[in-house]
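Only one structure is covered here, and it is reproduced in the block below.
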Amino acid sequence: MAAHALELIDIRCTFRAKDDHGQRYTAVADTTLRIAGGEFVSVVGPTGCGKSTLLNVGAGLLEPSSGSVRVFGQPLSGINTRAGYMFQSEALMPWRSALDNVRVGLQYRGVPDGQAREQAEAWLARVGLAGFGDRYPHQLSGGMRKRTALAQVLALDPDIILMDEPFSALDIQTRQLMENEVLDLWAAKKKAVLFITHDLDEAIAMSDRVVVLSAGPATHPIGEFEIDLPRPRDVAEVRVQPRFVELHTQIWNVLRDEVLKGYAQQLKGAR
Amino acid sequence: MKLRPSEGNARWWQLALLVALLVGWQLASRNQQFAFFLGEPVQVAGRIWSWFMPFAIPPNPLFPEGLAGNADIYLHLGTTLLETVLAFVIGTVLGLACGLWLALAPTASLVFDPYIKAANSMPRVILAPIFALWFGLGIWSKVALAVTLVFFIVFFNVYQGVREVSPVVLANARMLGANQRQLLRTVYLPSATSWVFSSLHTSVGLAFVGAVVGEYLGSARGVGYLILQAEGTFDVNTVFAGIVVLTAFALLLDAIVGVLEKRLMKWQPRSGETEKI
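Protein chains in written order, with this note's numbering: chain A, 1 to 271; chain B, 1 to 277.
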């Protein structure tokens, strides 16, 4: 069998408090996650459970305390150059126009200017932003900024796409629109996707497989579900299929206790 | 028409206030003793005329002795402005370079920290005699003084700017494949530049102050030198004329910076600005 696109093996991440070195916090423990080439995997879990930590490990932005990361069979050191990362918060450079933002990754890779410009324009058009290239991020709406970020990531044609709740800040209509667009683009290119979300509906509607994480600290996977809904899917329509509801109930039964646990812990932490 | 000051007629009220002040000043200076200390607006205007204009004015009721058209300020003004611009450019470049270096090299910043704090809290005008000793009475001693003023403003702003680069933007650039040099060029530098621009008004003003104070403390030409000369002969009118000229040019420099800022910082959202899509 061919090597997995991304393997996180026995990952543990322990953080030390900055002001008090004796205090430690284990965000992620004993987590193994494998994503095959072309597979769309969603990770759901209660808020603050370390989902983003896991993604940062996969991206090479964060070195795990123990465990190893393999990318297409090769051990990862430093930044994962075969991955594109779509961040939860604003990651566009505010001093560059939309086009320049999409182009910057190509420029980093030494693509000649004219060619980079052409490709960036094509990608902007593909995410529905043709003609908006000369606008600065602050002149774009939240949804348009997300589209620009998507174009920025996809323009580099990464083999693995990491997404950290990319649409959580969008309103529900824009969100469904973008989810469908991402699915279309994914179906065309068949990249491995690791998608982090706290929205179970979104996870089921989009993925091949949903992994449920436990509440923190020491988050680890507690359930895995194959989503056998037929493709192509429309994220709005798929929600009313009986199989969707069935899967949702199954996963929610596992997730609910963790959400409650996570909530209780947050309350305790606040007190 | 409403006569109370409002947004619409503020300009007129501002002008009216200026005229009232000038008239009050002129009336007060009819007293000889007052005039000795405060000068006379009309004489100040006359002084400025002979500084800038190459035409003489024959004797008239306002100026019984007439006005000479010397047009002799340009050399002095040019010197002062040259010092200002040189100090501004050198100070900004040095501040930018040092700020970037120290912000990106934590060890260096750790070692240098107390020295920078000390250098910044020192009243730097006191360095003028030392600079005069090192660089002589020409323009370079003034440039050096003004550079010390500009440098720290820019330095601290760049330092802050680099420290406050959004970690997400930084992580994003790294994920997009930027190496250290590219990070510097496409993330740190633009981010720092925006902070430099926010301090530009202050640093241009300080470059001007440094140049004039430097001249005032010892020089052979420059507007500060003119003021120093006039003060030596109790010529209050010329001192005031010098102040007026300096103020006018400080405002001009500030306006130029404003235009530049608008040009280069158009990516920054301004509050209250709505864009039609």
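Note that the Cβ used here is the ideal one computed from N, Cα and C, for glycine as well.
Might you give, ordered along the chain, the residues of its own chain that have their beta carbon closer than 6 Å to the beta carbon of residue i, omitting 5 neighbours on each side?
| i | result |
| --- | --- |
| B/T84 | A207, F208, A211 |
| A/A3 | F72, G73 |
| A/Y136 | S97 |
| A/A151 | V102, W123, L124, V127 |
| A/M1 | Low local confidence applies: a pLDDT of 47 at A/M1 is under 50, so the model's placement there is unreliable, with the coordinate-based value given in what follows. Answer for A/M1: no residue qualifies. |
| B/G8 | none |
| A/G133 | A98, L99, L124 |
| B/T80 | A211, G222, V223 |
Is DSSP giving residue i helix, strand or coil here?
| i | result |
| --- | --- |
| B/C98 | helix |
| A/Q74 | strand |
| A/M178 | helix |
| A/T219 | strand |
| A/R233 | coil |
| A/F15 | strand |
| A/Y136 | coil |
| B/Y225 | helix |
| A/L129 | coil |
| A/T32 | strand |
| A/D10 | strand |
| A/S68 | strand |
| A/H248 | helix |
| A/D199 | coil |
| A/Q241 | coil |
| B/L22 | helix |
| A/I79 | coil |
| B/I73 | coil |
| A/A188 | helix |
| B/F234 | coil |
| A/T47 | coil |
| B/W49 | helix |
| A/W95 | coil |
| B/Q268 | coil |
| B/L62 | coil |
| A/A5 | coil |
| B/E164 | coil |
| B/M122 | coil |
| A/R109 | coil |
| A/N253 | helix |
| A/D171 | coil |
| B/L82 | helix |
| B/P114 | helix |
| B/R30 | coil |
| A/N101 | helix |
Mind reading off the beta-carbon distance from residue i to residue j? Whole number of angstroms is fine, and I expect it under 8 Å.
| i | j | result |
| --- | --- | --- |
| B/V162 | B/A192 | 5 Å |
| B/A87 | B/V154 | B/A87 to B/V154, Cβ: 11 Å. No contact. |
| A/L247 | A/I227 | 6 Å |
| A/A192 | A/A36 | 7 Å |
| B/A146 | B/G66 | Rounded, the Cβ-Cβ distance is 38 Å, inconsistent with contact. |
| B/G95 | B/V150 | 7 Å |
| A/R209 | A/L229 | The pair is not a contact, with the Cβ atoms about 12 Å apart (cut-off 8 Å). |
| A/N101 | A/T148 | 6 Å |
| A/G143 | A/M93 | Actually they do not touch by this definition, with Cβ atoms about 19 Å apart. |
| A/M206 | A/S42 | 6 Å |
| A/A105 | B/L176 | Ala is not the amino acid found at residue 105 of chain A; the sequence shown has Gly there. Sure, about 4 Å apart at Cβ, within 8 Å. |
| A/C13 | A/P75 | In fact, because the Cβ distance is near 17 Å, the residues do not count as touching under 8 Å. |
Between which residues of its own chain and residue i is the CB-CB distance below 8 Å, once the five residues before and five after are set aside?
| i | result |
| --- | --- |
| A/E258 | G45, P46, C49, V212, L213, S214, A215, I222 |
| A/A83 | L6, G58, A59, G60, V71, P158, D159, I160, I161, L162 |
| B/M265 | S194, F197 |
| B/I278 | What the structure shows of chain B is the stretch from 1 to 277, and residue 278 of chain B is not part of that stretch, so it cannot be assessed. |
| B/P5 | W13 |
| B/S29 | A35, L38, G39, E40, P41 |
Who does residue i pair with in a DSSP beta bridge?
| i | result |
| --- | --- |
| A/G84 | A/I161 |
| A/E224 | A/V211 |
| B/E7 | The partner list for B/E7 (beta bridge, DSSP) is empty, contrary to what the question assumes. |
| A/V292 | Since the displayed chain A opens at 1 and closes at 271, residue 292 of chain A lies outside it and no answer follows. |
| A/R24 | A/R16 |
| B/I57 | B/L67 |
For residue i, collect the residues of the same chain with a Cβ closer than 7 Å to its Cβ; drop the 5 residues on either side in sequence, then sort them by chain order.
| i | result |
| --- | --- |
| B/H201 | D254, V257 |
| B/Y216 | G224, I227, L228 |
| B/G282 | Past the boundaries of the shown model lies residue 282 of chain B; chain B is included only from 1 to 277, so the question cannot be answered. |
| B/E164 | none |
Where the stretch 173-189 of chain B meets chain A: residues whose CB sits under 8 Å from a CB there: A173, R174, M175, L176, G177, A178, N179, Q182, T186, V187
To be precise: take each residue of the stretch 85-108 of chain A, compare its Cβ to all Cβ atoms of chain B, and keep it if any distance is under 7 Å. Which residues remain? Y85, F87, S89, E90, A91, M93, P94, W95, V104, G105, Y108
Taking only beta carbons into account, state which residues of the stretch 49-68 of chain A come closer than 7 Å to chain B, listed in chain order. A59, L61
Taking a Cβ distance cut-off of 9 Å, strictly less, list which residues of the stretch 195-209 of chain B are near chain E, in chain order. Given the protein chain composition of this structure (A and B), no chain E is represented.
Pull out every residue of the stretch 25-39 of chain A whose Cβ sits closer than 9 Å to any Cβ of chain B, in chain order. none
Output, in sequence order along the chain, the residues in the stretch 219-240 of chain B whose CB is closer than 8 Å to any CB in chain A. none
Chain-ordered residues of the stretch 251-266 of chain A with a beta carbon less than 7 Å from chain B: none
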